[in-house]
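Colleague: Per the working numbering, the sequence shown starts with residue 3, numbered consecutively.
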Amino acid sequence: MSFSYPKIEKLKSQKQIEQLFSEGKSVSAYPLRMVYLKTEFDDDTQFKTGVTVSKRNFKNAVDRNRIKRLLREAYRLNKASYFNNISSCYTLMILYIGKDGTDFDSIDIKMKQLLETFSKKMNSK
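#1: Exposed or buried, which one is residue 23 when buried takes at least 16 other CB atoms within 10 Å?
#2: Please list the terminal residues of the continuous alpha helix (DSSP H) segment that includes residue 79.
#3: If you count every other CB in all the chains shown that lies within 10 Å of the CB of residue 111, and 16 or more means buried, which is it?
#4: Once DSSP output is grouped into helix, strand and coil, what is the label at residue 119?
#5: Please report the straight-line C-alpha distance between residue 14 and residue 32, rounded to a whole angstrom.
#6: Confirm, please, whether the CB-CB distance from residue 65 to residue 100 is below 8 Å.
#7: Is the Cβ-Cβ distance between residue 84 and residue 7 less than 8 Å?
#8: How big is the Cα-Cα spacing for residue 58 and residue 124?
#9: My output table needs one value for residue 30: the three-state DSSP class, helix, strand or coil.
Structure follows, in structure tokens:
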């Protein structure tokens, strides 16, 4: 798995997002929470991932977009080391549930913790 995050791996389908939030399970490492659901895809992707930040906690779009950029970058850099040994297909949504701003280093550390707990859950099944 490479260090890229191409368009084909981005979660865009409204139908899949609704199914993810209604049937999915979650893991968290505050201030991050990941909702996941085992699914099958028509294309060759193994994961489809989206990121979101609450408008209630961050009123300014500039702040929300910055945190989403940091989340995507942390995911892109760390996904290869945690997802290489998982064979199933998953839909993932990473939510930032904190109420204050942050920097890349803290998000990167929490993203590693989040992906670690997710991969442990998937390998234990």
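Glycine included, C-beta positions come from ideal geometry on N, C-alpha and C. Bear in mind the structure is a predicted one, so any value in this text is a computation, not a measurement.
Modeller: So, from the data block:
#1: For the purposes of this step, residue 23 is taken as the residue at position 21 of the sequence shown. Counting Cβ neighbours within 10 Å, residue 23 comes out exposed, since fewer than 16 surround it.
#2: Working through the sequence shown from its first residue, we reach residue 79 at position 77. Per DSSP, residue 79 belongs to the alpha helix (DSSP H) from 63 to 85.
#3: Mapped onto the sequence shown, residue 111 falls at position 109. By the 10 Å Cβ count, residue 111 comes out exposed.
#4: Numbered from its first residue, the sequence shown carries residue 119 at position 117. Three-state DSSP puts residue 119 in a helix.
#5: Within the sequence shown, residue 14 is the residue found at index 12, counting from 1. Within the sequence shown, residue 32 is the residue found at index 30, counting from 1. Near 25 Å, if we compare the C-alpha coordinates of residue 32 and residue 14.
#6: For the purposes of this step, residue 100 is taken as the residue at position 98 of the sequence shown. For the purposes of this step, residue 65 is taken as the residue at position 63 of the sequence shown. No, the pair does not count as a contact, with Cβ atoms beyond the cut-off.
#7: Locating residue 84 in the sequence shown gives position 82, where the first residue counts as 1. Locating residue 7 in the sequence shown gives position 5, where the first residue counts as 1. No, they are not a contact pair.
#8: Sequence index remark: in the sequence shown, residue 58 carries index 56 (1-based). Sequence index remark: in the sequence shown, residue 124 carries index 122 (1-based). Approximately 32 Å, taken between the alpha carbons.
#9: Taking the sequence shown and counting its residues from 1, one reaches residue 30 at position 28. Strand at residue 30.
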